[in-house]
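Under UniProt numbering, think of the first position of the sequence shown as 1, with each following residue one higher.
Structure first, commentary second.
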Amino acid sequence: MSAKNTKVLRNYIDGDFKDITGTNTRVIKSPVDGEALYEAIDASKEDIDDAVTAAKNAQVMWADMTAWERADICHQIADAILEDKEILAEKLTKEQGKPLHSEALPGLEETAENFRIAAEDIKRQETAIIPSMDKNKRILTFRKPHGVYACIIPWNFPTLMLSEFMGPAIAAGNTVVFKPSEYTPGILEALAEVFDKTDLPKGVFNLVYGAGEVGQQLVEHPNVDAIGFIGSHVTADKIVRSAGLKPSILEASGNGPTIVCEDADLKKAAKGAVEAGFYCAGQVCCSTERVIVHEKVHEEFVSHVMEETKKWRLGDPLSEDTTVGPMNNESTANKMEEHVKDAVEKGAKVLAGGKRDTSRPTNLYFEPTVLDNVGLDTLVNKHETFGPIVPIITVKNDEEAIEVANDSYLGLQSAVYTNNSARAFKFINSIRTGNTLINEHSNYWEPHVPFGAATGTSTGWGRIGGRYTMLDMTQLQTIVWDFGE
Numbered sequence: 001m002s003a004k005n006t007k008v009l010r011n012y013i014d015g016d017f018k019d020i021t022g023t024n025t026r027v028i029k030s031p032v033d034g035e036a037l038y039e040a041i042d043a044s045k046e047d048i049d050d051a052v053t054a055a056k057n058a059q060v061m062w063a064d065m066t067a068w069e070r071a072d073i074c075h076q077i078a079d080a081i082l083e084d085k086e087i088l089a090e091k092l093t094k095e096q097g098k099p100l101h102s103e104a105l106p107g108l109e110e111t112a113e114n115f116r117i118a119a120e121d122i123k124r125q126e127t128a129i130i131p132s133m134d135k136n137k138r139i140l141t142f143r144k145p146h147g148v149y150a151c152i153i154p155w156n157f158p159t160l161m162l163s164e165f166m167g168p169a170i171a172a173g174n175t176v177v178f179k180p181s182e183y184t185p186g187i188l189e190a191l192a193e194v195f196d197k198t199d200l201p202k203g204v205f206n207l208v209y210g211a212g213e214v215g216q217q218l219v220e221h222p223n224v225d226a227i228g229f230i231g232s233h234v235t236a237d238k239i240v241r242s243a244g245l246k247p248s249i250l251e252a253s254g255n256g257p258t259i260v261c262e263d264a265d266l267k268k269a270a271k272g273a274v275e276a277g278f279y280c281a282g283q284v285c286c287s288t289e290r291v292i293v294h295e296k297v298h299e300e301f302v303s304h305v306m307e308e309t310k311k312w313r314l315g316d317p318l319s320e321d322t323t324v325g326p327m328n329n330e331s332t333a334n335k336m337e338e339h340v341k342d343a344v345e346k347g348a349k350v351l352a353g354g355k356r357d358t359s360r361p362t363n364l365y366f367e368p369t370v371l372d373n374v375g376l377d378t379l380v381n382k383h384e385t386f387g388p389i390v391p392i393i394t395v396k397n398d399e400e401a402i403e404v405a406n407d408s409y410l411g412l413q414s415a416v417y418t419n420n421s422a423r424a425f426k427f428i429n430s431i432r433t434g435n436t437l438i439n440e441h442s443n444y445w446e447p448h449v450p451f452g453a454a455t456g457t458s459t460g461w462g463r464i465g466g467r468y469t470m471l472d473m474t475q476l477q478t479i480v481w482d483f484g485e
């Protein structure tokens, strides 16, 4: 039996909403006010088999359609998302916790844009004709879909990250089975309802729910051809071990440094560090995880940070005045608490925040936090905090800044503030991250730009963003054709 007024979620398989045959049930509560929003049941093995079979059966038909036909359906999906964006955004805010006006609504617009980008990219995909050593031969190359994609996405940007995978995957002729985070499954069912109103053929998009065990069964399924994953590096490591030789795109955790040089525009750097630290309550893989500041400008920079911090308002994310909402779940809030406590015990100073706001409807509202004098041996410096925090570390020179920045097993995105081009290129060439931003905050991205990890880090591989994702989601086929007698 479901709780009163609580919607029971259903799988979306082969174009139909279907009751889940699993037995493990969880209640999804809003981080905003604690309201029970949904009941979600973990998919059974039979549910997973049905979803993968539906995707496999639809894939040949879908890939056989022209790029223009698939692109048209991607545009239909984008239109349908925008038509319902207000309803979707409110559901997203209630389930995830992000501010409605400043984050959820723009996020739905970007979700739609990812489908539009994929639609146009597939129509312009080009491959090479390679000269042959033999005058009677022609060598051609084609890009073909991998087949069935299993995509596992997190709770911080559930709609956006669905579109980052689904747009290029289906535009290129793949079919997909999605498993959302167990914390935000409801918004995915809402999106499935939107997709159901378009001409998307049955079986191209499928949706199942559950925690890690469901994800593992998906990854290991013999009829799944490729994997897309965004989440923690711990889970990414498990996926790699389970997936074997299946091609994969993995974007997994970040501890990106923001470096502030003594010649930087300090007001701009402070504004950027604070914005990237508090946006989405800091629950972003490329947020301001640590700020490395030259000692000559430390005091002035901190002063600007404190002025910027005052502009951020913690509160009800449905209110237009709110710029920071609650954290999504207790596990993440606990980690934030643990990291702050550890830093303080090792000598850091709390300049703002540092604790939960217990006057709120749930215990997930964490005050925007600024820490100064953060030590190199702290959890904040060594690991991803994933909360509303701006931790400040002081260094003596560029070499020390680079050393501190690279002393991490993660390598996603970094930011450097300097007005010296030669210095900027020194950091670009030295910092071990997949993306580096100059005079822009670490949370900046554009949907068509490649985004991903530096080689050799635990952050993963592959690229998310525009045609670069489509390249990863297709395989190159080479044709040698002999025209001789």
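A virtual CB, placed ideally from N, CA and C, is assigned to each residue, including glycine.
Going straight from the alpha carbon of Ser2 to that of Asn114, what length do you get? Only weak support exists for where Ser2 lies, its pLDDT of 48 falling under 50; the coordinates are left without a value.
So, using beta-carbon positions, are Leu200 and Ile73 closer together than 8 Å? Contact flag set, yes.
Tell me which residue opens and which closes the alpha helix (DSSP H) that His294 is part of. Counting along the chain, His294 falls outside any alpha helix (DSSP H), though it belongs to the beta strand (DSSP E) covering Arg290 to His294.
Can you give me the C-alpha to C-alpha distance between Leu471 and Phe427, rounded to a whole angstrom? Take the alpha-carbon of Leu471 and the one of Phe427: they are about 28 Å apart.
For a quick check, are the C-beta atoms of Ala226 and His146 less than 8 Å apart? Contact: yes.
Do Tyr365 and Pro326 have their C-beta atoms closer together than 8 Å? Yes, they are a contact pair.
Taking the continuous alpha helix (DSSP H) assigned at Ile431, which residues delimit it? For Ile431, there is no enclosing alpha helix (DSSP H), as DSSP marks it with neither H nor E.
Determine whether the beta carbon atoms of Ile117 and Gly466 lie at a separation below 8 Å. In this structure, Gly466 lies closer than 8 Å to Ile117 by Cβ.
Terminal residues of the continuous beta strand (DSSP E) containing Leu351? Looking at the DSSP string, the run of the beta strand (DSSP E) that includes Leu351 is Lys349 to Ala352.
Residues in the same chain with beta-carbon distance under 8 Å from Ser132, minus the five sequence neighbours each way, listed in chain order, please. Taken in chain order, the residues that qualify are Arg138, Ile139 and Val480.
Given 8 Å as the limit, is there contact between the segment 152-172 and the segment 8-23, that is, 3 or more CB pairs closer than that? Here the segment 152-172 does not lie against the segment 8-23, with fewer than 3 beta-carbon pairs under 8 Å apart.
Does Thr309 pass the burial test, meaning 16 or more other C-beta atoms within 10 Å, or should it be called exposed? Counting C-beta atoms within 10 angstroms of its own C-beta, Thr309 has 16 or more neighbours from the protein chains shown and is therefore classed as buried.
Is the segment 287-301 touching the segment 311-329, taking contact as three or more C-beta pairs under 8 Å? Inter-segment contact for the segment 287-301 and the segment 311-329 is absent: fewer than three beta-carbon pairs are separated by less than 8 Å.
Per DSSP, which residues does Lys197 bridge with? Please list them. In the DSSP output, where bridge partners are listed per residue, Lys197 has none listed.
Taking C-beta to C-beta, are Phe301 and Leu351 nearer than 8 Å? Cβ distance not < 8 Å, so Phe301 and Leu351 don't count as in contact.
Kindly indicate which three-state DSSP category Val219 falls into: helix, strand or coil? Helix at Val219.
Minimum C-alpha distance to Val219 - residue among Ala192, Gly210, Leu191 and Ala150: Nearest of Ala192, Gly210, Leu191 and Ala150 to Val219, Cα basis: Ala150.
For Ser2, which three-state DSSP category applies? Note that Ser2 scores a pLDDT of 48, beneath 50, so its modelled location is shaky and nothing firm can be said.
How big is the Cα-Cα spacing for Ala269 and Glu345? Distance between the alpha carbons of Ala269 and Glu345: 28 Å.
Measure the C-alpha to C-alpha separation of Lys349 and Ser430 and round it to an integer number of angstroms. Rounded to whole angstroms, Lys349 and Ser430 show a C-alpha spacing of 30 Å.
Can you tell me whether Val234 is buried or exposed, with buried defined as 16 or more other CB within 10 angstroms of its CB? Val234 is exposed by the Cβ-count criterion.
State the beta-bridge partners of Thr175 as determined by DSSP. Partner(s): Val148.
Taking only the alpha-carbon atoms, compute the straight-line gap between Val32 and Ala67 and give it to the nearest angstrom. Taking the straight line joining both Cα atoms gives about 42 Å.
Taking 8 Å as the cut-off, decide whether the C-beta atoms of Leu100 and Glu90 are in contact. The criterion of a C-beta distance shorter than 8 Å is satisfied by Leu100 and Glu90.
Three-pair Cβ contact test at 8 Å for the segment 249-268 versus the segment 407-414: The answer is yes - the segment 407-414 touches the segment 249-268, with three or more Cβ pairs under 8 Å.
Determine whether the beta carbon atoms of Pro447 and Gly34 lie at a separation below 8 Å. Cβ atoms of Pro447 and Gly34: not closer than 8 Å.
Would DSSP call Asp19 helix, strand or coil? The answer is coil: DSSP assigns Asp19 none of H, G, I, E or B.
In whole angstroms, give me the CA-to-CA distance for Lys281 and Lys98. Per the sequence presented here, residue 281 reads as Ala, with Lys not at that position. Whole-angstrom Cα-Cα distance: 8 Å.
Contacting residues, own chain, Cβ-Cβ under 6 Å from Pro168 (five flanking each side not counted): Excluding sequence positions up to five before and after Pro168, its CB lies within less than 6 Å of the CB of Ala118, Thr469, Met470 and Met473, all in the same chain and listed in chain order.
Using the Cβ count rule (16 or more neighbours within 10 Å means buried), how would you classify residue 506? Residue 506 cannot be examined here, being either before or after the span of the chain that is shown, 1 to 485.
Is the segment 203-212 touching the segment 40-60 in the sense that three or more CB pairs, one from each, lie closer than 8 Å? Inter-segment contact for the segment 40-60 and the segment 203-212 is present: three or more beta-carbon pairs are separated by less than 8 Å.
Within the continuous alpha helix (DSSP H) that includes Thr235, where are the two ends? It spans His233 to Ala243 - the alpha helix (DSSP H) in which Thr235 sits, taken as one unbroken run.
Using the Cα positions of Asn406 and Thr6, report the straight-line distance between them to the nearest angstrom. CA-to-CA, the gap between Asn406 and Thr6 works out to about 47 Å.
On the DSSP bridge list, what partners appear for Ser414? Looking at the DSSP assignment, Ser414 forms a beta bridge with Thr436.
Taking buried to mean at least 16 other C-beta atoms within 10 Å of its own C-beta, is Thr358 buried or exposed? It counts as exposed.
Contact set for Arg10: own chain, Cβ-Cβ below 8 Å, skip 5 residues either direction: Scanning its chain for C-beta atoms nearer than 8 Å, with the 5 sequence neighbours on each side dropped, one finds around Arg10 the residues Phe17, Lys18, Asp19, Ile20 and Glu189, in chain order.
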